[in-house]
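Here is the structure we will look at.
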Amino acid sequence: MKKGGYAGKALEIDLGSGEVSLAGYPEEYADRYLGGFGVNNRLFLERSRPGTDPFDPGNPVVLGAGPFVGTAVPGSSRVMANARVPLTGAAASASGSMGLGAHMKWSGLDHVVLVGRAPRPTLIYIEDGRVELLPATSLWGGGILETTRALWEAYPGSSVLAIGPAGENLVHLSLAMIDACATLGRGGLAAVLGSKNVKALVVKGSGGVEVADPGRLRALLRGLHDRLARWEMRQGALELGMIGAWPMYAGQLMPYGSTEDDLREMTERFGPGAYLKLKKKRIACPSCFLADKDELLLPTTGESVYSTSFLNAAIIGCAMGMKDAEEAASALALLDDLGLDFMTLSWQAAYLLELREHDILSPEDAEGISLRRGAALLRELASRVTERKGEIGEALARGWRGAFELFGEDTRRFTMLVRDQDCLYDPRVSGLGTMEFEQIVSPRGPTSASAGSATYVPGQTPENLRRLTQRMGASEEALDRIFSPPWGMNVGRLTRYSEDWFSLFSSLGICNRFQINRFYHADLIRDLLAAVTGVELETEEMMRRAAAGFELYRELGAREGLGPEKDVPPEAWFEEGPLWGRGGRLRDYFGNELSREDVMALLGDYYDERSR
Ligand code: SF4
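Under my numbering, the residues of the sequence shown are numbered 646 to 1257, in order.
Here you go:
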């Protein structure tokens, strides 16, 4: 493979036999699917068998980084991971950041495939393409922060992917962390690595990424940096990260029926001012021109912790009614250290509270868990789920299916799930934009994959939404279909382009977060692709390849029995009553009420648009 951007190599490690092979993968894959996400889907398709148990040694883990990763293209940090995951059984694709992808590329690798099961706890060390499988018995049982710090010390300048005790104990809501501040693999990827006895993967690369036309790339990057310098929110974003957009998020975090006074109080506890009291420094992925990760100093203990983003601490702080930002940041740090998905665990806590409120779970039957909203409940559950302690800890460790086995299928009404995974967004609160809609159709269950699409920012006019969607490479005909009566904006049709936009970013390796995404236009990405790889494409053809990568992902889901009949919106969306502190009527992006029939019609439109 001679194009710039691509290393052209996939490393395959058989953890059972210890055999390692470094080989090229067909150049045609990069041509058809661009790289990263798309090629990962292709490699996973070939190496996996449908129906394989997620903990079977035959369930491969495929990592991949696209052609922009490791270059200076801003925010090109994405590393993708495919595996069949235990929470839902989905053949899932997950996306992470920090230094792992760049170090893979600087090591001369586009993809790393892990198959089999190591006979004992193992550390995989890769340096410039050379692989060592090392004993990790002394690391086993350790938290992610401690493990990562120990490995940084042993291998200075490397990037560390690690699992915590939750992954080791095969907890279905476990996830892995990269460099202690980026998550990878909602739905139990860490448990899949745990089942393979992989405690950590350390990668250190000292090479670079060859670029086809460095002069052209420099000129394009200058343009991007100039636009960043002129962005009116730049200073706020640099100082405050995602919490800088607190007014946009706050309304969505407030419990149902909150007043202006409640909002003021919550802002004091978890808003920008509260963040600044904990902020130690901002952390960015390689090449990112806007950091949104944090190192925080917890004043009470003097402890220094990393955070995926302080916004996540604010989310659990508001959801669990915590007393202040320090309590929330400390709880989030604990969950990250254990390697637990903070969203799923928070919703499991809220579910137990619902069971308590409806007299299904009495204090006597709660195995000593104090069923009161707050940080203590989350901490107690974190420990029980990680250790699979007691009947409740064991059941919740097996995710929602375990919960229903213990408390009854009927208790599903106290959740908001699609295909056994909890929703991240409640459209009764935020309106049915693409992030909310995508939760129904995503092959892996609810994700935030389309966080960069037009509806991320509330309150846009239809004209502006059309302009933002045009930037995502949708054709004029598609725009006419999306922005037409009766909806004004058809979210089902728009979601198809949002998914393709995500596929483009993840295949090339650009971070899809709103603050990065907003600087990119499909035509600019086309030009960057030409400068980095030497591949000159029309925008339309580039988007066709991005769509092909997403279609392949849907094919992986179809092999596991997923199809339109499994794309069912949660019942809670159609109930007005509060659940997990949220409530209200289902609305579209513009605030108009939606019925179940409307949602089903939009689903039909989504499938129609995907088939075009
Ligand atoms: S926005 Fe955050 S996740 Fe994305 S590249 Fe920058 S630091 Fe990394």
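Ideal Cβ placement from N, Cα and C applies to all residues, glycine included.
In this structure, residue 1033 keeps its C-beta atom at 7 Å or more from the C-beta atom of residue 1021. Two segments are said to touch when three or more pairs of C-beta atoms, one from each, lie closer than 8 Å; by this definition the segment 856–874 does not touch the segment 819–831.
In this structure, the C-beta of residue 1161 approaches the ligand SF4 to less than 6 Å from one of its heavy atoms. Residue 924 is classed as buried because its beta carbon has at least 16 other beta carbons within 10 Å across all chains shown. Residue 1222 is positioned such that its CB atom lies closer than 7 Å to that of residue 1228.
Per DSSP, the beta-bridge partners of residue 767 are 780, 843.
Of the residues 774, 760, 778, the one whose Cα lies closest to the Cα of residue 766 is 778. Runs of beta strand (DSSP E) with 3 or more residues, each lying fully within the segment 904–947, are found at 924–928, 938–943, listed in chain order. Checking the 6 Å criterion, the Cβ of residue 933 is within range of a heavy atom belonging to the ligand SF4.
Short note on residue 826: C-beta not closer than 6 Å to any heavy atom of the ligand SF4. Taking 7 Å as the cut-off, the Cβ atoms of residue 811 and residue 743 do not count as close. When only Cα atoms are considered, residue 1072 and residue 903 end up about 17 Å apart.
By DSSP's assignment, residue 849 forms a beta bridge with 772. Sorting 754, 755, 1137, 648 by C-alpha distance to the C-alpha of residue 1248 places 1137 at the top.
Taking the C-beta atoms as reference points, residue 878 is found no nearer than 7 Å to residue 954.
Placement of the Cβ of residue 929 at a distance of less than 6 Å from at least one heavy atom of the ligand SF4 is found.
Restricted to the segment 677–756, the alpha helix (DSSP H) segments that are unbroken, complete and at least 4 residues in length are 681–692, 745–751, listed in chain order. Scanning its chain for C-beta atoms nearer than 7 Å, with the 5 sequence neighbours on each side dropped, one finds around residue 1168 the residues 1184, in chain order. Residue 1088 places its beta carbon less than 7 Å from that of residue 1202.
At least one heavy atom of the ligand SF4 lies closer than 6 Å to the C-beta of residue 1156. Looking from the CA of residue 675, the closest CA among 709, 897, 659 belongs to 709.
Between residue 739 and residue 1205 a beta carbon distance of about 16 Å is seen, past the 8 Å cut, so the two are scored as non-contacting.
Three or more Cβ pairs closer than 8 Å define a contact, and the segment 981–990 falls short of that threshold against the segment 901–920. Runs of the alpha helix (DSSP H) spanning 4 or more residues and lying entirely within the segment 997–1065 occur at 1020–1032, 1035–1042, 1044–1052, in chain order. In this structure, residue 726 has its beta carbon at no less than 6 Å from each heavy atom of the ligand SF4. By the C-beta criterion, the segment 790–799 is judged not to be in contact with the segment 833–843, since fewer than 3 inter-stretch pairs fall below 8 Å.
Counting only residues of its own chain and dropping the five nearest sequence neighbours on each side, residue 1118 has a CB closer than 6 Å to the CB of 1167, 1184, 1188. In the three-state reduction of the DSSP assignment, residue 828 falls in the strand class, which pools E and B.
Nearest C-alpha to residue 1060 among 1214, 912, 694, 693: 1214. Note on the segment 1073–1122: whole alpha helix (DSSP H) runs with a minimum of 4 residues are 1079–1086, 1107–1116, in chain order. By a beta-carbon distance limit of 8 Å, residue 932 contacts residue 719. Their separation comes to about 6 Å. Residue 833 sits in coil when the DSSP states are folded into three classes, being neither helix nor strand. In terms of Cα proximity to residue 1143, the closest of 1109, 1164, 1082 is 1082. Closer than 6 Å to some heavy atom of the ligand SF4: that does not describe the Cβ of residue 1075. Within the model, the alpha-carbon separation for residue 1197 versus residue 969 is close to 44 Å. A straight line joining the alpha-carbon of residue 848 with that of residue 1155 spans about 20 Å.
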